[in-house]
Every structure is written in C-alpha cells, then in structure tokens.
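Q: Structure below; questions to follow.
Numbering (the numbering used here), first residue to last: 10 to 437.
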C-alpha cells in the first residue's frame, strides 16, 4: 500500500507530465512558435496575465515591443502588433476576423441577450451596431448639447460645494471601477475559454455570489435608472418632441429596426446596453479628459495658447455648443487629440480571432484560431511615427509649412491614430 507521500508524488507526476508537454509544444511545435516574445509568455501567458492583474498590461506589452520588434507573442495563441499597417489588416471592414471570446466573458447572465459589446458573431454584431449608429448621430449631439453645457457648468461650481447626507450617485464611479477590476483580469486570463464555457453552466451564479458589493450596487443603479427613465419616456410621449428630454437614452428607447419598424430594444436589452454604454462612455471620457488636463496643467505656454483660442472664439460659456465655431477651434482639437494619443482610453489590445481561411497581417500569414490585435499604448508611443513620442506637443496635428509641419506629416500621424473605436465614426 502506497504512503501518503508516494500518492502525493504520483499526483504531481501526472500533473507535471502534461504540463511539461504543453509547454514544450507551445515553445517548439505550435504554429506560432516562430513569433518572438518572453519565454514564459510564449509557454503559458502567465506573465502578461500577472501584468494585467497589477494594472500594467499596456506598459508591459509596450516594453516587449521595444525588446522584440513590432510583433510579439504574449500568450501561446496570441500575436500582437505595433504599426498602422497591421492595424488596418486586423480591424479593416473586410478583415477575416471576429471579436474574440474576451468579449463574451463580460455577459452577466444567459437570460440577458448579448449586447453590441459582447456579441462575437460577425453578422449579429453588424446588425446591433447598425441600430446604435442610427441612435448616435449628429442629431443626438445637437439635442444633448444643452444637458452637457449645464453639467459642465455644474461641474466647475461643485468644487466649492459640499453636499449634506448620503448620495448614492457618488458611489457609481467607484462601482464601475470595482466591476472592471473584478472582471477584466478574468477576461485576460489564460483560462478564458473554459471560463466562458462554464459561465452558462453554473459559473455565472457563483460569480454573482463572490462579486464585490460595489458590483451589485452598480447593477442595481443601472436597473433603477433604466426603469425611472422609461417611466419618464412614457410620461412625455404625448408632448411635442422639442419638449421631451432628448438625451442618449431617448434615442436608444426610440430606436426601431429598419426592416420591421419594431422597437429595437426591450427593457432587458436596454438595461444590458445601458450598462455597457455607461461603463465604456464614462471610462473613455474620463481617461481622455484626465490626460488632456494632466498635460495642459504642466505646460503653461500651451495652456495659455488654448485659453486664448477658446476665449476669442466664444463670447460666453453658453455659446460653447456643437457647431462651426467649436469645430473651428483647431488648437483645442489638437490638444484633445494629443491628450488621447498619450493616454489612450483602451490602452491594451482589442482582441480579434482569425476565422477559417486565415489572414495576412504585415505580409505574413496567420491560421484560423489565432488571437490578434494591436496595442494602442504602444502605437501611440511609436517613435518611428511620432518622433518625440513621449512629449505633449499639440502642434504636431496642425499643418504649418512655415514651422516644418507638412500636410503629409499630419496625414501620416492621423493614419496611425486610433484612440478608440467609436460607434458612429461620422460624429465628431
């Protein structure tokens, strides 16, 4: 009869043998074995996952590009790229890829239909995106402008105001942050595929039980907000359109399928889409604005130049609305673009899975099943494109032949500039 120590050793041996075989396969026999990268990344993907847990994945990947060139393998089945050509090959409209299962991992329950963000089927995602494109138009921007101006003014005045008592809305940003801190490392883990497979088979319920309280608070906030807003929508249905609250939700709830004319979203679907839009919209906006403010407050000359342009373009705050005057503020746009370049809202890759038939990226073939993507943080700091890539210099975005900034140079910068994938690219 074997002793306990012998049994333990036998178990370790049975675990070590397949693990060793898996590592050797990933290093020497895998179809991507020729792609460079750190040994343990190519073997297991654990180092890049650890960097994700620490909140430094984008920095970690950027350093790997500096060491290994414009193509790296941070996980056994993943190849990431740096450069505008690879970005066009991967994210182009005709690219033979789909969104990877990374997105499916964000679905909370199987009862709620997949959202535009979490749908991986190419045709289904295209249908959902078309509906959102109808909602997010120039009409929405103009209708929402009064709300935005009012809240921007309120934001400035609130620095000297201390609200008495509790306010549940104050917790929402922290709830969003906690939810992302909980789910994001899971979605980047080497065990993502088993995780996605187990979610509708009982794992979802377990996740709800162990989720931090802030995650539940955020979900409750979304549910109550959608219910209240739907009630207001019904209450204002008999009023003229100009008297209704025409915010983002108004256009979502009023959206119709082009082929059937029926409502595009039911209440459950509205909750799911709103949850994603609140998270994605607040995150991209806050990161971008924080980046712009950070660099401007440390550069007095450029700050004053921007102030002069804005104050000379608008007579008062009430005049700062979407229109020709705002679009004519070239230096303001350059500052925003430069801030988003240095602090991209989606700093790590947006993973895509190669479909049957494979794909050519940067003149090299990759087989079906490969996960590919580009890293915005690394692209935005590519010295071959931007030169002084770590310097905040908005002037690089403005054509000025006298100062040496040509139209061709600016066009080259814009071809490499992808701060985030907007819902409707026609909306400024």
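Heads up, the beta-carbon is just placed ideally off N, CA and C, and yes, glycines get one too. Only a predicted model underlies this, so the values are computations on that prediction, with no experimental measurement involved.
Determine whether the beta carbon atoms of residue 347 and residue 402 lie at a separation below 8 Å.
A: Taking the first residue of the chain shown as position 1, residue 347 is located at position 338. Taking the first residue of the chain shown as position 1, residue 402 is located at position 393. Yes, they are a contact pair.
Q: Excluding five sequence neighbours on each side, which residues of the same chain lie with their C-beta closer than 7 Å to the C-beta of residue 83?
A: Stepping through the chain shown from its first residue, residue 83 is reached at position 74. Here the set comprises 46, 50, 54, 57, 70, 73, 89.
Q: Return the chain-ordered list of same chain residues with a C-beta closer than 6 Å to the C-beta of residue 421, the five sequence neighbours on each side being excluded.
A: Indexing the chain shown from 1 puts residue 421 at position 412. Taken in chain order, the list of residues that qualify is empty.
Q: Checking the sheet assignment: what are the DSSP bridge partners for residue 375?
A: Counting from one through the chain shown, the residue named residue 375 turns up at place 366. In DSSP, residue 375 forms a bridge with 368.
Q: Taking only three categories from DSSP, how would you classify residue 103?
A: By one-based count along the chain shown, residue 103 stands at place 94. The answer is coil: DSSP assigns residue 103 none of H, G, I, E or B.
Q: I'd like to confirm the pairing. Which residues does DSSP put opposite residue 382 in its beta bridges?
A: Walking along the chain shown from the start, residue 382 turns up at place 373. Residue 382 pairs with 89.
Q: Take the Cβ of residue 425 as the centre, count every other Cβ of all protein chains shown within 10 Å, and call the residue buried at 16 or more, exposed below.
A: Within the chain shown, numbered from 1, the residue matching residue 425 stands at position 416. With 16 or more other Cβ atoms within 10 Å, it is buried.
Q: Classify residue 14 as buried or exposed, calling it buried when 16 or more other Cβ atoms lie within 10 Å of its own Cβ.
A: For the purposes of this step, residue 14 is taken as the residue at position 5 of the chain shown. The residue in question, residue 14, is exposed, as its Cβ has fewer than 16 Cβ neighbours within 10 Å.
Q: Does the count of Cβ pairs from the stretch 101-108 and the stretch 364-380 closer than 8 Å reach three?
A: Yes, since at least three Cβ pairs between the stretch 101-108 and the stretch 364-380 fall closer than 8 Å, the two stretches touch.
Q: Give me the Cα-Cα distance between residue 244 and residue 163, rounded to the nearest whole angstrom.
A: In the chain shown, counting from the first residue as 1, residue 244 sits at position 235. In the chain shown, counting from the first residue as 1, residue 163 sits at position 154. Going by the C-alpha atoms only, they are around 27 Å apart.
Q: Cβ of residue 136 within 7 Å of any heavy atom in the ligand ATP?
A: This structure lacks the ligand ATP, and indeed carries no ligand of any kind.
Q: Measuring CA to CA, which of 79, 158, 38, 27 is closest to residue 331?
A: Translated into the one-based positions of the chain shown, residue 331 becomes position 322. The residue with the shortest Cα to Cα distance from residue 331 is 158.
Q: Would you identify the three-state DSSP class for residue 79, choosing helix, strand or coil?
A: Looking up residue 79 in the chain shown gives position 70. Note: residue 79 maps to coil in three-state DSSP.
Q: Excluding the 5 residues flanking residue 265 on each side, which residues of the same chain have their C-beta closer than 7 Å to its C-beta?
A: The sequence position of residue 265 within the chain shown is 256, counting from 1. Once the five neighbours on either side are set aside, the close Cβ partners of residue 265 are 271, 272, 273.
Q: Once DSSP output is grouped into helix, strand and coil, what is the label at residue 244?
A: The count along the chain shown starts at 1 and reaches residue 244 at position 235. Reduced to three states, the DSSP call for residue 244 is helix.
Q: I need the DSSP call for residue 436, collapsed to helix, strand or coil.
A: Taking the first residue of the chain shown as 1, we reach residue 436 at position 427. Any reading at residue 436 must be qualified, since the residue scores a pLDDT of 44, below 50, and its modelled position is unreliable; the value itself is stated next. Looking at residue 436 - three-state DSSP - the assignment turns out to be coil, as it is neither helix nor strand.
Q: So is residue 109 buried or exposed if we call it buried at 16+ other beta carbons inside 10 Å?
A: Here the question's residue 109 lines up with position 100 in the chain shown. Answer is buried; the Cβ neighbour count reaches 16.
Q: Roughly how many angstroms separate the alpha carbons of residue 150 and residue 345, rounded to a whole number?
A: Here residue 150 corresponds to residue number 141 of the chain shown, with the count starting at 1. Here residue 345 corresponds to residue number 336 of the chain shown, with the count starting at 1. Taking the straight line from one Cα to the other gives about 18 Å.
Q: Compare the beta carbon distance of residue 370 and residue 81 with 8 Å and say whether it is the shorter of the two.
A: The count along the chain shown starts at 1 and reaches residue 370 at position 361. The count along the chain shown starts at 1 and reaches residue 81 at position 72. Cβ atoms of residue 370 and residue 81: not closer than 8 Å.
Q: Where do the ends of the alpha helix (DSSP H) carrying residue 443 lie?
A: Residue 443 lies beyond the residue range present for the chain, which begins at 10 and ends at 437; the question has no answer from this structure.
Q: Just to confirm my understanding: we take residue 143, look at its own chain, exclude 5 residues before and 5 after, and list those with CB closer than 7 Å. What are they?
A: As a working mapping, residue 143 is identified with position 134 in the chain shown. Only 264 meet the Cβ criterion.
Q: Count the CB pairs spanning the stretch 178-185 and the stretch 278-293 that are closer than 8 Å, and state whether there are at least three.
A: Touching, yes.
Q: With DSSP collapsed to three states, give me the class of residue 388.
A: Residue numbering aside, residue 388 sits at position 379 when the chain shown is read from its first letter. Correct three-state label for residue 388: helix.
Q: Which same chain residues end up closer than 8 Å to residue 36 when comparing Cβ atoms and leaving out the 5 residues on each side of it in sequence?
A: Locating residue 36 in the chain shown gives position 27, counting from the first residue. For residue 36, where only same-chain residues beyond five positions count, the Cβ hits under 8 Å are 42, 48, 51, 52.
Q: Here's the rule I'm using: 16 or more other beta-carbon atoms within 10 Å means buried, otherwise exposed. How should residue 16 be labelled?
A: As a position in the chain shown, residue 16 is number 7, starting the count at 1. So residue 16 ends up on the exposed side.
Q: If we count the other Cβ atoms within 10 Å of its Cβ and call it buried at 16 or more, is residue 382 buried or exposed?
A: The count along the chain shown starts at 1 and reaches residue 382 at position 373. The residue in question, residue 382, is buried, as its Cβ has 16 or more Cβ neighbours within 10 Å.
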